[in-house]
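**Student:**
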Amino acid sequence: MKNDSPNNTYKWYAAYTDSRAEKKVLQELIKKDIDCYLPLKIEKKQWSDRIKIVENPLIRGYIFVNVSNREYYDVLITQGVRRYVCFEGSPTAIPENQINDLKQFMQCLNTEVEVTSERIAKGTFVKIVSGPLCGVSGEVVEIRGKHSIVLRFNDLGFCVHADLGANEVELVNK
5 MKNDSPNNTY KWYAAYTDSR AEKKVLQELI KKDIDCYLPL KIEKKQWSDR
55 IKIVENPLIR GYIFVNVSNR EYYDVLITQG VRRYVCFEGS PTAIPENQIN
105 DLKQFMQCLN TEVEVTSERI AKGTFVKIVS GPLCGVSGEV VEIRGKHSIV
155 LRFNDLGFCV HADLGANEVE LVNK
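Heads up, the sequence shown is in our numbering, so the first residue is 5 and it goes up one at a time.
1. Can you tell me whether I46 is buried or exposed? The criterion is at least 16 other CB atoms within 10 Å of its CB, across all chains shown.
2. Rounded to whole angstroms, what is the Cα-Cα separation between V130 and G142?
3. Out of Q108, I103, S94, C40, which one is the CA nearest neighbour of V79?
4. Just list the beta strand (DSSP E) runs in the segment 37-121, keeping only unbroken ones of 3 residues or longer that don't cross its boundaries, in chain order.
5. Kindly identify the DSSP beta-bridge partner or partners of V144.
6. List the whole-angstrom C-beta distance separating L30 from I67, where the pair is believed to meet the contact cut-off of C-beta under 8 Å.
7. Given a cut-off of 8 Å on the beta-carbon distance, is the pair L44 and N60 in contact?
8. Report the option in R54, E75, E92, D37 whose CA atom is closest to the CA atom of N12.
9. Touch check for the segment 89-96 and the segment 12-26: three-plus C-beta pairs under 8 Å?
10. Give the straight-line distance between the Cα atoms of T128 and R54, rounded to the nearest whole angstrom.
11. Just the C-alpha distance for E100 and G139, rounded to the nearest angstrom, thanks.
12. Pull up the DSSP beta-bridge partners for I132, would you.
13. Pick out whichever of S72, R86, G65, W51 has its Cα sitting closest to the Cα of D37.
Below is the structure:
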């Protein structure tokens, strides 16, 4: 059970992993009883003789961990973990709401929604108000035709491609 005293405040961090080691790192961290999250997407892989359904990391080379000062170095000594993702020389904590947004996005990854982007412009902040990604917010970094936009989750350090209807988003004053 987590102890939330000031010295044991839990924060989410992204950690770099060895190439193709994300699932192994996930299992090792679970064995150490460390709260971690690896977003996996389902893909069909076709070989000459068969088609196989596989789960691959959404963001290759990354795993997210929720740790206090006590577990911070336990993550770093885990086989397959390289280092924490750093900005300006120090590991950057990721707000819990962004991890929750990512989890919600992953639950609805294969959901398709009709879209128009007329009132959405690059650089604006939007919040999704209905549909499978309700409550998720981010910055519009790209508009791809009339059927999709790319949202940036600032502290996660990556963008997510999402199909959204204009009636499903509202502009957010930042």
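Just so you know, even glycine gets a beta-carbon here, dropped at the ideal spot from N, CA and C.
None of these values were measured; they are calculated from a predicted model.
**Tutor:** Here's the rundown:
1. Within the sequence shown, residue 46 is the residue found at index 42, counting from 1. Per the 10 Å Cβ criterion, exposed.
2. For the purposes of this step, residue 130 is taken as residue 126 along the sequence shown, with counting starting at 1. For the purposes of this step, residue 142 is taken as residue 138 along the sequence shown, with counting starting at 1. Between the alpha carbons of V130 and G142 lies a gap of roughly 6 Å.
3. Reading the sequence shown from its first residue, position 75 is the one you call residue 79. Checking every option, the nearest Cα to that of V79 belongs to C40.
4. For the segment 37-121, whole beta strand (DSSP E) runs of length 3 or above, ordered along the chain, are 39-41, 44-50, 55-61, 66-71, 85-88.
5. The residue labelled residue 144 in the question sits at position 140 within the sequence shown. BP columns for V144 point to L155.
6. Numbered from 1 along the sequence shown, position 26 holds the residue referred to as residue 30. Numbered from 1 along the sequence shown, position 63 holds the residue referred to as residue 67. Between L30 and I67 a beta carbon distance of about 6 Å is seen, short of the 8 Å cut, so the two are scored as contacting.
7. The residue you call residue 44 lines up with position 40 of the sequence shown. The residue you call residue 60 lines up with position 56 of the sequence shown. For L44 and N60, yes; Cβs fall inside 8 Å.
8. Counting from one through the sequence shown, the residue named residue 12 turns up at place 8. Selected option, being the one with the closest Cα: E75.
9. With a cut-off of 8 Å, the segment 12-26 and the segment 89-96 count as touching, because enough Cβ pairs lie within range.
10. Within the sequence shown, residue 128 is the residue found at index 124, counting from 1. Within the sequence shown, residue 54 is the residue found at index 50, counting from 1. Distance between the alpha carbons of T128 and R54: 44 Å.
11. The count along the sequence shown starts at 1 and reaches residue 100 at position 96. The count along the sequence shown starts at 1 and reaches residue 139 at position 135. Cα-Cα distance, rounded: 13 Å.
12. For this step, residue 132 is matched to residue 128 along the sequence shown. According to DSSP, I132 shares a beta bridge with V173.
13. Numbered from 1 along the sequence shown, position 33 holds the residue referred to as residue 37. Looking at the Cα atoms, S72 is the closest of the given residues.
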